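In my numbering, the protein residues as written are 219 to 496.
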């Protein structure tokens, strides 16, 4: 029979081991909750490699024109494959229709409506509408901008018209991926929509309603609006679209820089600590 002292040591050792196990499990639970909150409703980062094509007039010249076109085509293939694979995954068997439908034709009109509502809410200082339309970080950015406004002024906004309606709005990126390592039930669907419009913004004195001279600004612009949402992989039911934010068009330099970053990150995950190829 072991001595009393030895039994106490074994009990203490077991207690420490169990304590560490509980701490690890607790950290895992906390990490899962943090991840779930971060990725909720389609939140999280924009998918790496998302390619927002420049207008043809802004394509790089010379041989870089063909390089840029090739990178665009390659990324389009990656995105299309992600959507196709997810669609096939939703088929119970090869003789039934997929449960999940990409509904690509509805994405641009949805983005157009949401974009208009967002701009109107931002001009009116309507934080509740902004928080319902936009995902966390983008909503915080907009509401913070509202808080910085001069309290003696009122902002008016008008979306005068949508431009180049033959070509805009249009989907320029669309893909689906499982991005939350702690969530095996949901994937994230993202789309980027190019919208061309003419916008007018003005400022008025709150006390008198008088237009502040020189405050009216009219802009013609093309904006790239990113939408995101979660798709349940058991039911293949899609949640509502939320506005992730606006993103710049992808230049050749920005694309190559991001690819270098992706290569470095992949090398790190694979355990490679040496230099990566340029």
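Here a beta-carbon is modelled for each residue, glycine too, at the ideal position from N, C-alpha and C.
Every value quoted in this text rests on a predicted model; they were computed, and no experiment measured them.
Secondary structure of residue 467 (DSSP, three-state): coil. Uninterrupted alpha helix (DSSP H) stretches at least 4 residues long and entirely within the region 305-359 occur at 322-342 and 345-351, given in chain order. Counting along the chain, the unbroken beta strand (DSSP E) around residue 404 starts and ends at 404-423. In the same chain as residue 347, and ignoring 5 residues on each side of it, the C-beta atoms closer than 6 Å to its own belong to 339, in chain order. Residue environment for residue 462: buried (at least 16 other C-beta atoms within 10 angstroms of its C-beta). Between the alpha carbons of residue 437 and residue 381 lies a distance of about 12 Å.
Residues 348 and 349 of the same chain have their beta carbon placed closer than 7 Å to that of residue 357, with the five preceding and five following residues left out of the count. The straight-line gap separating the alpha-carbon atoms of residue 417 and residue 473 is approximately 30 Å. Under the three-state reduction of DSSP, residue 283 is assigned to helix.
If the five residues before and after residue 414 are omitted, its C-beta is found closer than 6 Å to the C-beta atoms of 381, 382, 386 and 440, all from its own chain and listed in chain order. Remark: C-beta atoms of residue 397 and residue 295 do not approach each other more closely than 7 Å. Here the alpha carbons of residue 264 and residue 335 stand approximately 22 Å from one another. Rounded to whole angstroms, the separation of the alpha carbons of residue 467 and residue 332 is 20 Å.
Taking one beta carbon from each stretch, the region 401-414 and the region 321-331 have 3 or more pairs nearer than 8 Å; the two touch. Going by beta carbons, residue 445 and residue 341 fall outside the 7 Å limit.
Going by C-alpha positions, residue 281 is about 10 Å away from residue 287. DSSP places residue 452 outside any beta strand (DSSP E), giving it a letter other than H or E.
The Cβ-Cβ distance between residue 283 and residue 277 falls below 7 Å. Taken atom to atom, the span from the alpha-carbon of residue 477 to that of residue 470 is near 11 Å. For residue 388, the enclosing beta strand (DSSP E) starts and ends at 388-395. Residue 359 and residue 452 have their C-alpha atoms some 34 Å from each other. Taken through DSSP and simplified to helix, strand or coil, residue 480 comes out as helix. In the three-state DSSP reduction, residue 378 falls in the strand class (E or B). Secondary structure of residue 373 (DSSP, three-state): strand.
A direct Cα-to-Cα measurement between residue 315 and residue 304 gives close to 13 Å.
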